[in-house]
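Data first, discussion second: the structure below is written as structure tokens.
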Amino acid sequence: MDVKNLKEYLHWLYYQYLLITGIYVLEPWEQSIFNTVLLTMVAMIIYTSYVFVPIHVRLALDWFALLVQGRVDHITHLSG
Amino acid sequence: MRDIRLRSLFCRTTEENGKSNGVAHSWSKRESFEQAPMYVAVLTYLGFGIVTLFGYFRDFLRAVGLEKCHLAQERDEQKDFVPLYQDFENFYTRNLYMRVRDNWNRPICSLPGPEFDLMERVSDDYNWTFRLTGRTIHNVINMGSYNYLGFAENNEKFLQPVANATKEYGIGVCSTRQEMGNLDIHQELEELVASFLGAESAMTFGMGFATNSMNIPALVSRGCLILSDELNHTSLILGARLSGATIRVFKHNNMQSLEKLLKEAIMGGQPRTHRPWRKILIVVEGIYSMEGSIVRLPEIVALKKKYKAYLYLDEAHSIGAVGATGRGVTQLFGLDPSDVDVLMGTFTKSFGAAGGYIAGKKELVDYLRAHSHSAAYATAMSPPVARQIIRAMKCIMGLDGLTVGIQRVRQLAENTRYFRRRLQELGFIIYGSQDSPVVPLLLYMPGKVGAFSRAMLERKIGVVVVGFPATPITEARARFCVSSAHTRDMLDKVLCSLDELGDYLGLKFSRRKCTQFELDS
Numbered sequence: 016m017d018v019k020n021l022k023e024y025l026h027w028l029y030y031q032y033l034l035i036t037g038i039y040v041l042e043p044w045e046q047s048i049f050n051t052v053l054l055t056m057v058a059m060i061i062y063t064s065y066v067f068v069p070i071h072v073r074l075a076l077d078w079f080a081l082l083v084q085g086r087v088d089h090i091t092h093l094s095g
Numbered sequence: 374m375r376d377i378r379l380r381s382l383f384c385r386t387t388e389e390n391g392k393s394n395g396v397a398h399s400w401s402k403r404e405s406f407e408q409a410p411m412y413v414a415v416l417t418y419l420g421f422g423i424v425t426l427f428g429y430f431r432d433f434l435r436a437v438g439l440e441k442c443h444l445a446q447e448r449d450e451q452k453d454f455v456p457l458y459q460d461f462e463n464f465y466t467r468n469l470y471m472r473v474r475d476n477w478n479r480p481i482c483s484l485p486g487p488e489f490d491l492m493e494r495v496s497d498d499y500n501w502t503f504r505l506t507g508r509t510i511h512n513v514i515n516m517g518s519y520n521y522l523g524f525a526e527n528n529e530k531f532l533q534p535v536a537n538a539t540k541e542y543g544i545g546v547c548s549t550r551q552e553m554g555n556l557d558i559h560q561e562l563e564e565l566v567a568s569f570l571g572a573e574s575a576m577t578f579g580m581g582f583a584t585n586s587m588n589i590p591a592l593v594s595r596g597c598l599i600l601s602d603e604l605n606h607t608s609l610i611l612g613a614r615l616s617g618a619t620i621r622v623f624k625h626n627n628m629q630s631l632e633k634l635l636k637e638a639i640m641g642g643q644p645r646t647h648r649p650w651r652k653i654l655i656v657v658e659g660i661y662s663m664e665g666s667i668v669r670l671p672e673i674v675a676l677k678k679k680y681k682a683y684l685y686l687d688e689a690h691s692i693g694a695v696g697a698t699g700r701g702v703t704q705l706f707g708l709d710p711s712d713v714d715v716l717m718g719t720f721t722k723s724f725g726a727a728g729g730y731i732a733g734k735k736e737l738v739d740y741l742r743a744h745s746h747s748a749a750y751a752t753a754m755s756p757p758v759a760r761q762i763i764r765a766m767k768c769i770m771g772l773d774g775l776t777v778g779i780q781r782v783r784q785l786a787e788n789t790r791y792f793r794r795r796l797q798e799l800g801f802i803i804y805g806s807q808d809s810p811v812v813p814l815l816l817y818m819p820g821k822v823g824a825f826s827r828a829m830l831e832r833k834i835g836v837v838v839v840g841f842p843a844t845p846i847t848e849a850r851a852r853f854c855v856s857s858a859h860t861r862d863m864l865d866k867v868l869c870s871l872d873e874l875g876d877y878l879g880l881k882f883s884r885r886k887c888t889q890f891e892l893d894s
């Protein structure tokens, strides 16, 4: 029962996607072209974020740590 | 797009300028033009953008030769000439309209009453050509025909006079009104129309569009000024352009804009010579069929009297459909019909016939009889059609001794209020005033326009959807025309289907809580 509901729900989601992007009016082969291009772009975005986002996040955290460390050093230098 | 506003009549203006209309002011007109959430506008543009890109892609394929072009194209010898088919309108027709073309021009095979029969039509090549399968879809509920008072009916008793007129006069008149086409049935019809409207005299014409486009040139000419509403019908715009007068457009139903234009016109005069304008004519409609809004007549009459302009009121959709006894917007607001200089209307919508009329003072109508292009060159109205209008009008006025007419007018008002209230409760965005039987329901996105019409037809309800050239590009809509012949069951069936479709397609954009509107009966 749940699988059937899930299938219907996914079908409804796909229908909403077709309506909202306006793809509903196009012929099936044009819909396939658009879906292919969109999925390719989404795949590229996911791959890029998988490869690069951790590195960027680590670099940003290092920079902030350096900033905090620099301030602590400056204060100890002034007081000591 | 405009915000939610409740508009009430401006009592102050009319009281300062003449006798007041006590009856009308106690009833505030509620008009709403709710704005959709921002994401709807963004997604609409996105949808149009994507389909336009695919349009360019298909045009490229056609130009290269990978695809056959089904539409007209220039011949090889003409390739160096000025291009005929490259403008946006043709691009739009080729690439957007053709894809959803099956929702319009559907063939009907019965009379357009509250229910009708459609011929089933399929397309094998994505709407470039159609073929009829031979099957008929019976008893489709008709929410698109302008059948406000239900006179599109096949009742033998009511149609007997029309059959007798056909036998007596024939169908064709074979002449213009000024030559030999002025029959006694036309005289009878014109006297009846004048007494129906409360005007001194009236003249009828064979075609409603031609009434506007051929008579405005007879009333105004070069050296006159026409102030026309932004959303006026094509027939009024065509008549205004043909006349040669200067045209200035004021914002839809916006009295500040109109007053500003009037002041500038009176102070500035004609463009280069600054001589006073020979005539200033304000052209408005009673009900605007794409918006469902009703004109703010008391304010316009007050402005007209203050600045000494003339008023031309086109009551194509409002005659017979609004007002306590069906006399139109003048009765709805409690105004004297002689305040409006030129009362124009058509018989196509509420009377189940064809043709138009112009009514007003006797001098005006006598002038038009002599000088109108329609009177001089167009064939006169056909006698069976005139007989149908006479019987419909007598029915509404109650002159045939029955109360059928007034019952229909009241039924229409009740149906209108019920339908509009339920649609707002369901959460759709509706435009227009609460009394207007034309109900535009906003769809916004181009994909949903085609899906809505097809899905409603599957549920055996016929609706009219309207898209870009007739409406602004982001405001595609479905337009319902409520009729007095619709029973409560039919309206409930339509509302139930709309409820389901609204959830399935995602059309319930309204963000306001529903307020209580009282039912008429």
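Here the protein sequences come in this chain order: Z and V. In this text, residue positions in the first sequence follow the numbering used here: the first is 16, and each later residue adds one. In this text, residue positions in the second sequence follow the numbering used here: the first is 374, and each later residue adds one. Even for Gly, the Cβ is constructed at its ideal location relative to N, Cα and C. Note that the coordinates shown come from a computational prediction; the quantities given were computed from them, not determined experimentally.
List the whole-angstrom C-beta distance separating residue 696 (chain V) from residue 714 (chain V), where the pair is believed to meet the contact cut-off of C-beta under 8 Å. About 19 Å separates the two Cβ atoms, so there is no contact after all.
Entirely enclosed alpha helix (DSSP H) segments - the segment 789-842 of chain V, minimum 4 residues: Counting only runs of 4 or more, we get 819-831.
What separation, rounded to the nearest whole angstrom, lies between the Cα atoms of residue 443 (chain V) and residue 507 (chain V)? 25 Å
So residue 849 (chain V) and residue 819 (chain V) are in contact, right, with Cβ under 8 Å, and what is the actual spacing, rounded? The beta-carbon distance between residue 849 (chain V) and residue 819 (chain V), rounded to whole angstroms, is 7 Å. This is short enough to meet the 8 Å contact definition.
Under 8 Å between C-beta atoms of residue 326 (chain V) and residue 555 (chain V): Only positions 374 to 894 of chain V appear in this structure, which leaves residue 326 (chain V) out of reach.
What does the alpha-carbon distance come out to for the pair residue 859 (chain V) and residue 524 (chain V)? 12 Å
Proximity test, Cβ basis, 8 Å: residue 733 (chain V) and chain Z: no
Could you say if the segment 692-711 of chain V and the segment 556-576 of chain V meet the contact criterion of at least three C-beta pairs nearer than 8 Å? With a cut-off of 8 Å, the segment 556-576 of chain V and the segment 692-711 of chain V count as touching, because enough Cβ pairs lie within range.
Tell me which residues of the segment 41-69 of chain Z have at least one Cβ-Cβ distance to chain V shorter than 8 Å, keeping chain order. 41, 42, 45 and 49
Between residue 593 (chain V) and residue 616 (chain V), which are expected to be in contact by the criterion C-beta below 8 Å, what is the C-beta distance as a whole number of angstroms? 5 Å
Buried or exposed, going by whether 16 or more other CB atoms sit within 10 Å of the CB of residue 22 (chain Z)? exposed
Going by CA-CA distance only, name the one from V:547, V:575, V:549 and V:546 that's closest to residue 560 (chain V). V:575
Taking residue 84 (chain Z) as the query, report the chain V residues whose CB atoms sit under 9 Å from its CB, ordered along the chain. Under the 9 Å cutoff, chain V gives no residues; its nearest Cβ is about 44 Å from residue 84 (chain Z).
Contacts that residue 34 (chain Z) makes with chain V (C-beta to C-beta distance below 7 Å): 818, 820, 821, 824 and 878
Pick out whichever of V:612, V:759, V:782 and V:619 has its Cα sitting closest to the Cα of residue 600 (chain V). V:619
Considering only their Cβ atoms, is the gap separating residue 779 (chain V) from residue 698 (chain V) smaller than 8 Å? yes
For residue 663 (chain V) versus residue 839 (chain V), is the C-beta spacing smaller than 8 Å? Cβ atoms of residue 663 (chain V) and residue 839 (chain V): closer than 8 Å.
In chain order, what are the residue ranges of uninterrupted beta strand (DSSP E) at least 3 long that sit wholly in the segment 531-589 of chain V? Under the rule that a run must span 3 or more residues, the beta strand (DSSP E) segments found entirely inside the segment 531-589 of chain V read 574-578.
Is the Cβ-Cβ distance between residue 658 (chain V) and residue 682 (chain V) less than 8 Å? Taking 8 Å as the cut-off, the beta carbon of residue 658 (chain V) is found no closer than this to the beta carbon of residue 682 (chain V).
Any chain Z beta carbon closer than 8 Å to residue 360 (chain V): Chain V is shown from 374 up to 894; residue 360 (chain V) falls before or after that span and cannot be answered.
Sequence-distant residues of its chain with Cβ nearer than 8 Å to residue 894 (chain V) (five each side left out): Because residue 894 (chain V) sits at a pLDDT of 39, beneath the cut-off of 50, its placement in the model cannot be relied upon, and the following sentence gives the value as read from the coordinates. Only 783 and 787 meet the Cβ criterion.
Could you give the DSSP three-state label for residue 407 (chain V): helix, strand or coil? coil
Span of the beta strand (DSSP E), counted from its first residue to its last, around residue 854 (chain V): 850-854
Helix, strand or coil for residue 490 (chain V) per DSSP? In the structure shown, residue 490 (chain V) adopts extended strand secondary structure according to DSSP, grouped into three states.
Does residue 579 (chain V) come within less than 8 Å of chain Z when only Cβ atoms are used? no
Should residue 24 (chain Z) be flagged as near chain V, meaning a C-beta pair shorter than 8 Å? no
By DSSP, does residue 432 (chain V) sit in helix, in strand, or in coil? In the structure shown, residue 432 (chain V) sits in a helix (DSSP, three-state: H, G or I).
Looking only at C-alpha atoms, which of V:763, V:410, V:605 and V:623 sits nearest to residue 538 (chain V)? V:763
Assign residue 584 (chain V) to one of two classes, buried (16 or more other C-beta atoms within 10 Å of its C-beta) or exposed (fewer than that). buried
Residues that residue 473 (chain V) contacts on chain Z, provided the C-beta gap is smaller than 8 Å: 40
Can you check the segment 601-663 of chain V for any alpha helix (DSSP H) of at least 4 residues that lies completely inside it and give the ranges in chain order? 607-616 and 628-641
Considering Cα atoms alone, identify which of V:441, V:869 and V:751 is closest to residue 553 (chain V). V:751
Is the Cβ of residue 421 (chain V) closer than 8 Å to any Cβ of chain Z? Residue 421 (chain V) counts as touching chain Z.
If I'm right that residue 796 (chain V) touches residue 881 (chain V) with Cβ under 8 Å, what's the distance once you round it to whole angstroms? The beta-carbon distance between residue 796 (chain V) and residue 881 (chain V), rounded to whole angstroms, is 10 Å. This is too long to meet the 8 Å contact definition.
Cβ of residue 438 (chain V) within 8 Å of Cβ of residue 464 (chain V)? No. Outside cutoff.
Could you tell me which chain Z residues have their CB closer than 8 Å to the CB of residue 427 (chain V), listed as they occur along the chain? 41, 45 and 49
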